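Structure, as structure tokens:
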Amino acid sequence: MYSEKVMDHFTNPRNVGEIENPDGEGTVGNPTCGDMMTIYIKVKDDKIDDIKFKTFGCGAAIATSSMITELAKGKTVDEAYAISRDDVADSLDGLPKVKMHCSNLAADALQKAIEDYRSKNN
Amino acid sequence: MIYMDHSATAPVRKEVFEVMEPYFTKSFGNASTFYSLGREAKAGMEEARENVAKLIGANNDEIIFTSGGTESDNIAIQGIAYKLNNAGKGNHIITSAIEHPAVMETCSALEKKGFEVTYLPVYEEGIVKVEDLKSAIKEETILITIMHANNEIGTIQPIAEIGKIAKENNIKFHSDAVQSVGKIPVDVNELNVDLLSISSHKIYGPKGVGALYIRKRTRLEPILYGGGQEKDLSPGTENVAGIVGLGEACRLAKEELDENIPYITNLRNKLIDGILNSVEKSYINGNIEKRLPGNINFRFTGIEGESLVLMLDAKGIDGSTGSACSSKKLTASHVLKAIGLEDVDSHGSLRLTIGPENTEEEVDTVIKEIPPIVEKLRSMSSIWEK
Amino acid sequence: MIYMDHSATAPVRKEVFEVMEPYFTKSFGNASTFYSLGREAKAGMEEARENVAKLIGANNDEIIFTSGGTESDNIAIQGIAYKLNNAGKGNHIITSAIEHPAVMETCSALEKKGFEVTYLPVYEEGIVKVEDLKSAIKEETILITIMHANNEIGTIQPIAEIGKIAKENNIKFHSDAVQSVGKIPVDVNELNVDLLSISSHKIYGPKGVGALYIRKRTRLEPILYGGGQEKDLSPGTENVAGIVGLGEACRLAKEELDENIPYITNLRNKLIDGILNSVEKSYINGNIEKRLPGNINFRFTGIEGESLVLMLDAKGIDGSTGSACSSKKLTASHVLKAIGLEDVDSHGSLRLTIGPENTEEEVDTVIKEIPPIVEKLRSMSSIWEK
Ligand SMILES: Cc1ncc(COP(=O)(O)O)c(C=O)c1O
Ligand SMILES: Cc1ncc(COP(=O)(O)O)c(C=O)c1O
Ligand code: FES
Ligand code: FES
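Structure below.
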């Protein structure tokens, strides 16, 4: 059902946890299937310096959360903001069809965290 | 592998497989033909019919073979509904809120065709109240269909009492006993049922075969048409090997029932205690007493069941969950909803169902493996706070 | 034993059985569960789907698995009839006079529910005329269901031509290909069918499993309800072992088709010639050319088929008859009636159907055994006069 990459990120999730006093924080949740994820970011020199996540959800939800933290880390804020749901799914060698919309919220959570960062720094 | 998903399916037992084997390649005749080879097949089938009948206290000619529990449920429910409705007897059906989709979807299809269906509530316990049933009965009620034991939370319904009320009111009564047959005593006369569904693969028989008990003089409108096999209700060339396998599975189930019940109950209770004592905020869904010997349905706050099942799988432990995330339609189990769980709580369910081949050591392993997995998932959960 | 009743059923081939075996006791998972064991089962099923699809030139996702040819026929015919009738497209169905009961009884049940059914004649040849079909089509025609090859007399219908006409008239077309698949080339696109029924046990797979080809974008009203398996059309826990067996049977059938056809045709012709030359007043029922390679349907004046079959059985030869005496309802085969046989003549029918494992020596034995048996029965017959 899940690709090896998904299973890898699910069993060994990267960057789990919270950041104290983050520069930005974004929480998204999907009412139908009920997953909830929060992304925390630290920004330094306009780059994502640190990023962590916490997720309540299925294997796909955990894997996409983990994957986006890897994709975003070190990127500029604008680059990170441009990461799409499809980018996340592609980096994981795809997600099952039913899970494409429900569990693939990590990009949205990161964008929300970045928006939070931008609103605080304007 | 530690297999604890017996309510989903069970392996074919060695003894059952051995009895089936000759019917594939040697005694392969069509049971409807009358030369020797056909008669051999027919004899195997009729012996199986007797074994099924004996397990549930029925007569041989009250058993028809089907392609599984789903077909049995459909033949029974649609069959009674159309027969009695065509005869002008009414259009009202009573069922419960926690039926298997084979019953639930059949009822809801009938609703779209003009039948009226009452879904009885089951409350936190997961058990229908006989009083609710009584008040739901009306002039137009033609059928009551309520499962014997639930496939998710294992709760056992008061079938004998319901059957008595159905009889008093002259209403046909069907019970989906797919999960109870072979696990607890089932006697069609004690239970007062007119129709009762059985599936082979839940009791160590092969998949794709089942049976339907039809009390004498109960008439059904057929929903499938063909060469007249199985009293014109489940036509098609008989799956002789499968039927023989179901028969043997029933024979063994009857023989071993008295021994299995205390053994399985004991393992189950040990597993429940082990987990509830070591994992905080862990609970059991549904009534703990009136429940199948082998059924456990845990609820762990703050985590999601699909990830839990996957992590257990990685440790070689097979279980299942009613979490929305693991369903095809991404909706939470209707059973967990019916016992009043909010979506977020139904996410955290884990069903472990124990069979006679599970051992005490396996239970010990599971008690050891679950807590750290729950802890790991909680540590990454956005909704878990100590 | 000389088995010449392959149209009734065939043994499971050794190669097929070996592929099925692990799915009973080892890879026994429920294909709907998502842990490893379930995924193994699912993978076996999907490989089988591909093998079925390949044999008939379909796409994998156009194949659903069923519990046999009978269920396939019912799902297809009732499914289209209700779907299109509910959509107000009409209520007229065209079929032939020689369909298998799975089609014929389904059509006649629909007649009772307000559908109109035209049964095309097949004449002495046992083949429908395309001209008759054309004149039968009307505004309200929603479905044509005509079998590919007949199970009794083996005659092959002009399916590709019928399909073309159905297409031109925008009418859904189903063909019961239970007897032709694996015996002669079947390609759903060449045949222009929208739906096509397959049964496993006719092609050396296990009983109790079948498939239905459903052309993309063809919508059916379900007749069975449950857990959503097989596109919601054939719900229930999948018969994984059976499905895997059907898949392997299809793979082998495809591989061996080119070799089998001339081999079987040759045996059949030898047997026909041998009998017609040695038994006076013996005939072949139905067109001799447009016929399945393995099918022979003899007619012996003055004797009755059931006694003939029993005497052959005593000699270790298995065949069958369309005689009224061997049927459950004591009525002559509707197929033999449809080709114009009087009751007394249809009594004398003997069907022998040859498979690839039959040998030339077996054919020689049958040619030797039949004449004295026919003679013996005629000598005691009250209607036989030289
Ligand atoms: C309670 C109940 N009813 C019906 C069924 C359907 O049986 P089958 O899978 O044989 O169609 C099942 C299992 O799937 C079940 O647990
Ligand atoms: C032409 C035809 N259609 C349908 C069927 C029914 O198939 P099954 O026996 O698998 O239900 C048969 C055989 O019995 C057949 O010969
Ligand atoms: S969190 Fe529910 S499907 Fe992924
Ligand atoms: S002669 Fe006996 S049934 Fe026909």
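So the sequences go chain by chain: A, B and C. Residue 30 is where the first sequence starts when you use the working numbering, and the numbers rise one by one after that. Residue -2 is where the second sequence starts when you use the working numbering, and the numbers rise one by one after that. Residue -2 is where the third sequence starts when you use the working numbering, and the numbers rise one by one after that. We put the beta carbon where it would ideally sit given N, CA and C, even for glycine. No experiment lies behind these values; they were computed from the predicted model shown.
Which residues in the same chain as residue i place their Cβ atom closer than 6 Å to its Cβ, once the five residues preceding and following it in sequence are excluded?
i: Tyr79 of chain C; result: Glu218
i: Ala335 of chain C; result: Ala94, Ile95 and Val119
i: Asn292 of chain B; result: Gly151 and Thr350
i: Ala136 of chain A; result: Ile112, Ser113, Arg114 and Val117
i: Gly160 of chain C; result: Phe170, Leu188, Asn189 and Val190
i: Ile370 of chain B; result: Met308
i: Glu137 of chain B; result: Gly87, Asn88 and His89
i: Glu359 of chain C; result: Ile(-1)
i: Val183 of chain B; result: Ile53, Ala174 and Ser177
Can you tell me which of the options puts its alpha carbon nearest to the alpha carbon of residue i?
i: Thr40 of chain A; options: B:Leu309, B:Ile380, B:Pro353 and B:Leu338; result: B:Leu309
i: Tyr69 of chain A; options: A:Ile97, A:Lys34 and A:Ala90; result: A:Ile97
i: Gln75 of chain B; options: C:Ile220, C:Glu245, C:Glu382 and C:Asn266; result: C:Ile220
i: Leu52 of chain B; options: B:Gly65, B:Asp129 and B:Asp255; result: B:Asp255
i: Leu209 of chain C; options: C:Gly202, C:His171, C:Ile181 and C:Glu149; result: C:His171
i: Glu59 of chain B; options: B:Val185, B:Val371 and B:Met144; result: B:Val185
i: Gly123 of chain C; options: C:Phe112, C:Ala311, C:His344 and C:Glu286; result: C:Glu286
i: Phe385 of chain C; options: B:Leu249, B:Gly345, B:Val276 and B:Ser324; result: What is shown of chain C runs -2 to 383, which leaves residue 385 of chain C out entirely.
i: Glu37 of chain B; options: B:Tyr20, B:Asp361 and B:Val49; result: B:Tyr20
i: Ala5 of chain C; options: B:Phe14, B:Val9, B:Ser29 and B:Pro8; result: B:Ser29
i: Leu243 of chain C; options: C:His3, C:Glu12, C:Tyr222 and C:Met1; result: C:Glu12
i: Met30 of chain A; options: C:Leu34, C:Glu15, C:Gly65 and C:Asn263; result: C:Leu34
i: Ile91 of chain C; options: C:Glu372, C:Lys110, C:His97 and C:Ile143; result: C:Ile143
Go through its chain and collect everything with a Cβ distance to residue i's Cβ below 8 Å, but skip five positions before and after it.
i: Asp64 of chain A; result: Gly58, Thr84, Phe85, Gly86, Cys87, Ala90, Cys131, Ser132 and Leu134
i: Ile143 of chain A; result: Gly53, Gly55, Ile70, Val106, Ala109 and Tyr110
i: Glu253 of chain C; result: Pro353
i: Ala157 of chain B; result: Glu187, Leu188 and Asn189
i: Cys62 of chain A; result: Gly86, Cys87, Cys131 and Ser132
i: Glu366 of chain C; result: Leu309, Lys312 and Ile314
i: Pro155 of chain C; result: Ile124, Val125 and Val127
Any heavy atom of ligand 4 closer than 6 Å to the Cβ of residue i?
i: Cys247 of chain B; result: no
i: Cys322 of chain C; result: yes
What do you reckon, is the C-beta of residue i under 6 Å from a heavy atom of ligand 1?
i: Thr67 of chain B; result: yes
i: His97 of chain B; result: yes
i: Asn148 of chain B; result: yes
i: Thr22 of chain B; result: no
i: Thr98 of chain A; result: no
i: Thr138 of chain C; result: no
i: Ser196 of chain B; result: yes
Does at least one heavy atom of ligand 3 sit under 6 Å from the Cβ of residue i?
i: Gly86 of chain A; result: yes
i: Asp317 of chain C; result: As written in the sequence, residue 317 of chain C is Ser, which differs from the Asp given in the question. Because no heavy atom of ligand 3 lies under 6 Å away, the Cβ of Ser317 of chain C does not count as near it: no.
i: Ser330 of chain B; result: no
i: Ser32 of chain A; result: no
i: Ala118 of chain A; result: no
i: Ala152 of chain A; result: Look at the range of chain A in this structure, 30 to 151, and you will see that residue 152 of chain A is not part of it.
With respect to 6 Å, is the separation between the Cβ of residue i and the closest non-hydrogen atom of ligand 2 below this value?
i: Gly229 of chain B; result: Residue identity differs from the one stated: residue 229 of chain B is Asp in this sequence, not Gly. For ligand 2, not one heavy atom lies less than 6 Å from the Cβ of Asp229 of chain B.
i: Gly291 of chain B; result: no
i: Asp424 of chain C; result: For residue 424 of chain C there is no data in the structure shown, the boundaries of chain C being -2 and 383.
i: Thr63 of chain B; result: no
Beta-carbon within less than 7 Å of residue i's beta-carbon, same chain only, minus the 5 sequence neighbours each way: which residues are those?
i: Pro51 of chain A; result: Tyr69, Ile70 and Lys71
i: Thr356 of chain B; result: none
i: Phe62 of chain B; result: Val206, Ala208, Glu227, Ser231, Glu235 and Ile240
In chain order, each beta strand (DSSP E) run of at least 3 residues that lies wholly inside the segment 12 to 93 of chain B: 60 to 63 and 89 to 93
Looking at chain B, which residues of the segment 171 to 204 of chain C have a Cβ within less than 8 Å of any of its Cβ atoms? Ser196, His198, Pro203 and Lys204
Could you please tell me which residues of the segment 327 to 344 of chain B, in chain order, have their CB closer than 8 Å to any CB of chain A? Leu327, Thr328, Ala329, Asp340, Val341 and His344
With a floor of 4 residues, list each alpha helix (DSSP H) that falls wholly inside the segment 238 to 318 of chain C, ordered by position along the chain. 302 to 311
If you measure beta-carbon to beta-carbon, which residues of the segment 72 to 92 of chain A are closer than 9 Å to chain B? Phe82, Lys83, Thr84, Phe85, Gly86, Cys87, Gly88, Ala89, Ala90 and Ile91
Run through the segment 348 to 378 of chain B for me and flag every whole alpha helix (DSSP H) of 4 or more residues, listed as ranges in chain order. 357 to 377
Taking a cut of 8 Å between CB atoms, which residues from the segment 232 to 245 of chain C lie near chain B? Pro232, Gly233, Thr234, Glu235, Asn236, Val237, Ala238 and Gly239
May I ask you to list, following chain order, the residues of the segment 281 to 304 of chain B that have a beta carbon less than 9 Å from some beta carbon of chain A? Gly299, Ile300, Glu301, Gly302, Glu303 and Ser304
Give me the subset of the segment 87 to 105 of chain C whose CB atoms are less than 9 Å from a CB atom of chain B, sorted by chain position. His97, Pro98, Ala99, Val100, Met101, Glu102, Thr103, Cys104 and Ser105
3-residue-minimum beta strand (DSSP E) runs that sit fully inside the segment 34 to 74 of chain A, ordered along the chain: 53 to 58 and 65 to 73
If you measure beta-carbon to beta-carbon, which residues of the segment -2 to 25 of chain B are closer than 9 Å to chain C? Met(-2), Tyr0, Asp2, Ala5, Thr6, Ala7, Pro8, Val9, Arg10, Lys11, Val13, Phe14, Met17, Glu18, Tyr20, Phe21, Thr22, Lys23 and Phe25
Looking at chain B, which residues of the segment 352 to 368 of chain C have a Cβ within less than 8 Å of any of its Cβ atoms? none
Can you list, in chain order, the stretches of the beta strand (DSSP E) that have 3 or more residues and sit fully within the segment 142 to 185 of chain B? 169 to 173
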